[in-house]
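The next block holds one structure in the form of structure tokens; read it before the comments.
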Amino acid sequence: MSADTVAQKSKDIIEIRDLKKYYPVKAGVFLRHVADVKAVDSVNLTIRRGECLGLVGESGCGKTTLGKTIIRLHEASSGRIYFDQPKQRVDEIERQLASDDPQQIAKAEEVRREVDITRLSSRRLLALRQRFQVVFQDPSNSLDPRMLVKDIIAEPLVAQRLSGAREIDSRVNDLLNIVGLSSEHRMRYPHEFSGGQRQRIAVARALSTNPEFVMMDEPTSALDVSVQAQILNLLKTLQDEFQLTYLFVTHHLLVVKYISNRIAVMYLGKMVETSPTGELFKSPLHPYTRALLSAIPVPDPHTKREKIILTGDVPNPINPPSGCRFHPRCPFATDLCRTVEPQLEVAEGEHMVACHRFREI
Amino acid sequence: MKPLVKTENLHTNFYTFEGAVKALNGVSIVVNQGETYALVGESGCGKSVTVRSMMRIVQSPGKIEDGRILIFFNEKDREQGIDILSRSEAFMESMRGNQISMIFQEASAALNPVLNISAQVGESFFAHRSSEMLALTETAIRAELPNTRFPLARAWKKFQIAMYERERADLEAYHVATTGFDDRLYAIEDSLDSETVREGSGIRRRRERLHKTSLLVRFVKRLPILSHYYRRVGRTVHNEVVELLTKLGIPNPQNIAERYPHELSGGMQQRIVIAMALACNPLMLIADEPTSNLDVTIQAQIVELIRTLKETVISSVLYITHDLGLVAEICDRVTVMYAGDTCETAAVTEIFDTPLHPYTKGLLSAVPKVEQQGELATIPGSVPNLVSPPQGCRFHPRCPHAMDICKVEKPQQIEYSQGHTVSCHLYTGRNSRT
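In the order they appear, the protein sequences are chains A and B. Mapping of the first sequence onto the numbering used here: residues 1 to 361, in sequence order. Mapping of the second sequence onto the numbering used here: residues 1001 to 1434, in sequence order.
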């Protein structure tokens, strides 16, 4: 990478503005559209270059959907995702979109077709895809059982036409070495590997195009404790070595604490709190985050902590509660929480929270 | 402390096409009365197979090859316990769900999608407490009898009562007969000469052929219209189910009892499975990864539920888990397993403070802590294939302290200090008291 390209790189690698992903619910003979599952609802998020952002939340809160929408494995319903754009440009487009002038909006829409991941044409998207990659949850499902390991790892290179047939072999060997496998593994099939090794193959595949951003969708939840530690350490060293940016989607809070610099907590399609890791664990502000943190089983029999046990289940995202979505389970809910939806606001420094009462409680 | 269930040198193999998978390699564990006990280990280490062996529900091609499983449920004449491996299948049926019951890993898979909740939870009432249910129904009908004027209705009610009485008498007779057979089996359990063994298998076969109800009752149950007399029991069971669900703190139990599993959330499904397991007030509850598919906040609810039930209803709880955090929070004693071997058994605080076995040490340092400093330690390599497990100590290829003896000889279980046993050559011939 030459010096001037580095200079061009913006500080924020991904800017998400007002992103929505609704799944239509259809019913009746004519499959009439009756409702929407609001999997991701008006999410604003910034991912900085070189950081590991942990995205946590319960199952069904939309964290995986958000991750997949960012890399456009799902089409967003509305909203903007800017990949590696300078701050001024993003601000300008946002300003134009917010204005009432139809001409300005048309102008902004024009620009969005070049910079917004949700609007890119397929050819532009393909070119961009080598800069972001993904590692899925269960490696036994994400690797094609009929392909050899070397073909699995080389597939992104072939699809992107990044290297010729001769270089591919050496590149695959390099990648295998990087993830801690050896070149003798290249002529094997995925079923011959253990879970941890399969996840290493998936990581090697993700790294093959030299990406800048990798979305990790629960990469260790299918693995055992000792193997999980191996993979986490591998991901950490790779991040340092290749200056990667991670979006680490998981529900395991201690894993996220170990690996990420910043944490975003989601609840029912909404972002409820974003904060640097240390601060979040030291002083969580949102009642949901507090309950989540207190519910982690701590592997130490001497710390008996007071647990906040939430009552009830996560509500149905088709018909989310009015106002703050957490209010039916929240011990501090007031009438304000039931009617007005709180917005994400800055609590202190980089610590943002969406709660009406975080100062009092 | 008195033991409740004990396994001695248990060997279970699975005969697959690739060869015999030696899933358990001499597992000896003791679950005491009134304690919360945990089996911890990575996937494939045999913790589920251990408890499945304890309930004798190892599925084909698995087979319990060797060892003893002793239960100490009856205090009177069972000083040395009953070896359930030599018992008949009918005996096990009366045991499962009644005195030992189990919560399975995935609640959605453990529930039958075509039956409603009431029918599924009620099944154990029918299976193990039917006599009680009949008595309840009978008293209810007897209470209604004086108010019934219409002669046909009176006759019907009297018929119902007569049938219930008959059935209860049958069940009583069945119970007497089976305990008689069981006692005879128990008496000849330890003898080895061929005559008695043949006699024993004869008794076992006869016990399995016994019917719970008499021919008359079975005949009436098949007659149209008359067979409806039994429906009243179904209603009693339904009421009992609702009561049980209320006791477990399930909101809106009337409504939930009539729903089907797919209409419930994961946490609620798990609560239903717990309700099924607790229907007969078991002495021991085996929870096979009860919370591994649930979210942290729901997990906290379920764990809290089991904890309160442990204090009120059940005597002992055996947890199977891979989550060391969970173990630290709720268990009294813990056994760490690796590849079909028990590595180490101790009180929870002791395991976390002074782990002895190298695998336990590795496992503990591989878990991310709240106050994590530096890198996570890892255990190199991965779990061996149990078709051809490593010779000697099964952990030796991954062990940082492996010696020559580890490659050839399986370490014996030794008591290192009071209540802390370990199977490792590092400690053979040593204990803290010498």
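The beta-carbon is built from N, C-alpha and C at its ideal position, and this holds for glycine as well.
* valine 40(A) in three-state terms, based on DSSP -> When DSSP states are grouped into helix, strand and coil, valine 40(A) belongs to the strand group.
* Determine the burial state of histidine 327(A): buried for a count of at least 16 other Cβ atoms within 10 Å of its Cβ, exposed for fewer. => The residue in question, histidine 327(A), is buried, as its Cβ has 16 or more Cβ neighbours within 10 Å.
* Would you kindly work out how many angstroms separate the C-alpha atoms of glutamate 1165(B) and glutamate 1138(B), rounded to a whole number? => A straight line joining the alpha-carbon of glutamate 1165(B) with that of glutamate 1138(B) spans about 8 angstroms.
* Asked: Does the beta-carbon of aspartate 224(A) have 16 or more other beta-carbons within 10 angstroms, so that it is buried, or is it exposed?
  -> Looking at its Cβ environment, which holds 16 or more other Cβ atoms inside 10 Å, aspartate 224(A) is buried.
* Is the CB of proline 297(A) under 8 angstroms away from at least one CB in chain B? -> At a cut-off of 8 angstroms between C-beta atoms, proline 297(A) counts as an interface residue with respect to chain B.
* Taking Cβ-Cβ distances shorter than 9 angstroms, what residues in chain B pair up with glycine 196(A)? -> Around glycine 196(A), the beta-carbon contacts reaching into chain B at under 9 angstroms are Ser1382.
* To do: Quick one: which residues of the region 81 to 114 of chain A get their C-beta closer than 9 angstroms to a C-beta of chain B? List them in chain order.
  => Residues of the region 81 to 114 of chain A that bring their beta carbon within less than 9 angstroms of a beta carbon in chain B are absent altogether.
* Find the nearest neighbour of glutamate 1123(B) within the set Tyr1229(B), Cys1331(B) and Val1237(B), judged by alpha-carbon distance. => Of Tyr1229(B), Cys1331(B) and Val1237(B), the residue nearest in Cα terms is Val1237(B).
* To do: Taking glutamate 75(A) and threonine 46(A) to be in contact with their CB atoms under 8 angstroms, please state how far apart those CB atoms are, rounded to whole angstroms.
  => Incorrect: roughly 22 angstroms between the Cβ atoms, too far for contact.
* **Secondary structure of serine 1292(B), DSSP reduced to three states** => Residue state, collapsed to three classes: coil.
* Can you name the start and end residues of the beta strand (DSSP E) that alanine 362(A) belongs to? -> There is no way to answer for residue 362(A), as the model of chain A reaches only from 1 to 361.
* What first and last residue would you give for the beta strand (DSSP E) that runs through glutamine 133(A)? -> Run containing glutamine 133(A): 132 to 135, per the beta strand (DSSP E) assignment.
* Bounding residues of the alpha helix (DSSP H) (the contiguous stretch that carries valine 1407(B)) -> Note on identity: in this sequence residue 1407(B) is lysine, with valine being the wrong assignment. Looking at the DSSP string, the run of the alpha helix (DSSP H) that includes lysine 1407(B) is 1404 to 1408.
* To do: Rounded to whole angstroms, what's the CA-CA distance from valine 249(A) to valine 298(A)? Just pull it up for me.
  => Computed Cα separation, rounded: 21 angstroms.
* Asked: How about isoleucine 309(A) and glutamate 1304(B): do their beta carbons lie closer than 8 angstroms?
  -> Cβ distance < 8 angstroms, so isoleucine 309(A) and glutamate 1304(B) count as in contact.
* **For methionine 215(A) and leucine 1264(B), the rounded distance between their alpha carbons** => Rounded to the nearest angstrom, the gap between the Cα atoms of leucine 1264(B) and methionine 215(A) is 31 angstroms.
* Asked: Under the DSSP definition of a beta bridge, which residues are partnered with arginine 17(A)?
  -> DSSP lists Arg80(A) as partners of arginine 17(A).
* Should serine 322(A) be labelled buried (16 or more other beta-carbon atoms within 10 Å of its own) or exposed? -> Exposure of serine 322(A) is indicated by the presence of fewer than 16 other C-beta atoms within 10 angstroms of its C-beta.
* Spatial neighbours of phenylalanine 1395(B) within its chain, please: CB distance less than 6 angstroms, with the 5 preceding and 5 following residues excluded, ordered by chain position. => When the five nearest sequence neighbours on each side are left out, the beta carbons in the same chain lying within less than 6 angstroms of the beta carbon of phenylalanine 1395(B) are those of Tyr1338 and Tyr1359, in order along the chain.
* **Cβ neighbours of proline 1474(B) in the same chain (closer than 7 angstroms, five flanking residues each side left out)** => This structure does not reach residue 1474(B), given that chain B is present from 1001 up to 1434, and the question cannot be answered.
* Could you spell out where the beta strand (DSSP E) holding glycine 351(A) opens and where it closes? => Sequence inspection shows histidine at residue 351(A); the glycine mentioned does not correspond to that position. Here the beta strand (DSSP E) through histidine 351(A) covers 351 to 353.
* Assign serine 1316(B) to one of three DSSP states: helix, strand, or coil. => Of the three classes helix, strand and coil, the one that applies to serine 1316(B) here is strand, per DSSP.
* Using a Cβ-Cβ cut-off of 7 angstroms (strictly less than) and excluding sequence neighbours within five positions of threonine 64(A), which residues of its own chain qualify? -> Hits under 7 angstroms: Asp217 and Val249.
* What residues in the region 1321 to 1349 of chain B have a beta carbon less than 7 angstroms from any beta carbon of chain A? -> Only His1322, Asp1323, Leu1324, Gly1325, Leu1326, Ala1328, Glu1329, Val1348 and Thr1349 from the region 1321 to 1349 of chain B bring a Cβ to less than 7 angstroms from some Cβ of chain A.
* Asked: Is the CB of aspartate 319(A) under 8 angstroms away from at least one CB in chain B?
  -> Per the sequence presented here, residue 319(A) reads as asparagine, with aspartate not at that position. For asparagine 319(A), not one C-beta of chain B is nearer than 8 angstroms to its own C-beta.
* **Residue range of the beta strand (DSSP E) that includes valine 1414(B)** => Sequence check: residue 1414(B) is isoleucine here, not valine. Per DSSP, isoleucine 1414(B) is one residue of the beta strand (DSSP E) stretching across 1414 to 1417.
* Asked: How many Å lie between serine 2(A) and aspartate 174(A) at the Cα?
  -> Legend: pLDDT at serine 2(A) = 41, less than 50; position of this residue unreliable, value from coordinates given subsequently. If you take the alpha carbons of serine 2(A) and aspartate 174(A), they lie about 22 angstroms apart.
* Asked: If isoleucine 153(A) sits next to alanine 204(A), beta carbons under 8 angstroms apart, how far is it from one beta carbon to the other, in whole angstroms?
  -> Sure, about 5 angstroms apart at Cβ, within 8 angstroms.
* To do: Decide if proline 1282(B) is buried, meaning its Cβ has at least 16 other Cβ atoms within 10 Å, or exposed.
  => Classification for proline 1282(B): buried.
* To do: From the DSSP output, read off the bridge partner residues of lysine 1006(B).
  => DSSP, once it has assigned bridges, lists Val1030(B) and Leu1070(B) as partnering lysine 1006(B).
* To do: Kindly provide the ranges of any alpha helix (DSSP H) runs that are 4 or more residues long and lie completely inside the region 1101 to 1165 of chain B, ordered along the chain.
  => Within the region 1101 to 1165 of chain B, the complete alpha helix (DSSP H) runs of at least 4 residues fall at 1107 to 1110, 1117 to 1128 and 1130 to 1144.
* Spatial distance of arginine 1168(B) from arginine 1056(B) (CA atoms) -> Taken atom to atom, the span from the alpha-carbon of arginine 1168(B) to that of arginine 1056(B) is near 29 angstroms.
* **Cβ pair count under 8 angstroms reaching 3, the region 229 to 241 of chain A against the region 194 to 204 of chain A** => Output reads yes: the region 194 to 204 of chain A touches the region 229 to 241 of chain A.
* Asked: So, does the CB of isoleucine 1306(B) fall closer than 8 angstroms to a CB anywhere in chain A?
  -> Under the Cβ criterion of 8 angstroms, isoleucine 1306(B) is not counted among the residues facing chain A.
* **Rounded C-alpha distance that separates valine 111(A) from phenylalanine 213(A)** => Inter-residue distance for valine 111(A) and phenylalanine 213(A) is about 23 angstroms (C-alpha atoms, whole angstroms).
* State the DSSP-derived secondary structure class of glycine 1180(B), mapped to helix, strand or coil. => In the structure shown, glycine 1180(B) sits in a helix (DSSP, three-state: H, G or I).
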